[in-house]
Amino acid sequence: MRIEYDLIPELYQYACMVNLYGKTGQLTKAKKTMDEMPFEPNVVMLSSFLDSCRVYGEVQLRREAANQLFKMDPCSVAPYVTLANIYAEDGMWNEVRQVRRTMREKGIRKSTGLSWIEVEKKFHVFLVSDTSHPQLLDIYAELDMLTMAAMEARYMPRMKEDHTND
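Shown next as structure tokens:
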């Protein structure tokens, strides 16, 4: 970048490259970029790389990325949840239990999932497993229709549940 464009790259430009390489399955290039850049990778960059490793089934690189995340922010729930979900997707149940055990031992808890949406200037709040919304049946009917439309378009959404909930 410096020679071709007279641009001194900053961390966010490297993060963009790591993300692009990762999303296109070029995980070796993404890793090499992180290893050779003049900065330490940050949490966002490593999380993006970890997710790309999950998508492309790269076990060793994702373990390395998760371990780096654990070292950077040992109290953050995100790398534990991500790693447990990756292990669960691969059917590695002993590893899932080990991640859960480690979280319990360190007192790290995942907060309940919460989503907000605004429809016609009115906010709606959804909590995981909450069935108290007054329009719950209509919402589920609409979600079913959207899921069917996506499947007819040959799109298969990832609908696995989070495997860190106790």
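Counting from 1, one number per residue, gives the positions in the sequence shown under full-length UniProt numbering.
Here a beta-carbon is modelled for each residue, glycine too, at the ideal position from N, C-alpha and C.
Valine 18 is a Cβ neighbour of methionine 34, given a cutoff of 8 Å. When Lys121, Arg63, Cys75, Leu20 are compared, the shortest CA-CA separation from asparagine 85 is found for Arg63. Looking at Ser48, Trp93, Pro38, the one whose alpha-carbon comes closest to that of leucine 61 is Ser48.
Fully enclosed alpha helix (DSSP H) runs of no fewer than 4 residues occupy 11-23, 27-36, 43-55, 59-72 of the region 3-79, in order along the chain. Residue ranges of uninterrupted alpha helix (DSSP H) with 4 or more members, entirely inside the UniProt repeat "PPR" (76-110) and ordered along the chain, are 78-89, 93-106. If you draw a 10 Å sphere on the C-beta of valine 119, you find fewer than 16 other C-beta atoms in it, and that means exposed.
When the alpha-carbon of isoleucine 117 is set against those of Val125, Asp51, Tyr80, the nearest one is in Val125.
Shown here, glutamate 152 sits in a helix according to DSSP, grouped into three states.
Between glycine 57 and alanine 30, the alpha-carbon positions lie close to 15 Å from each other.
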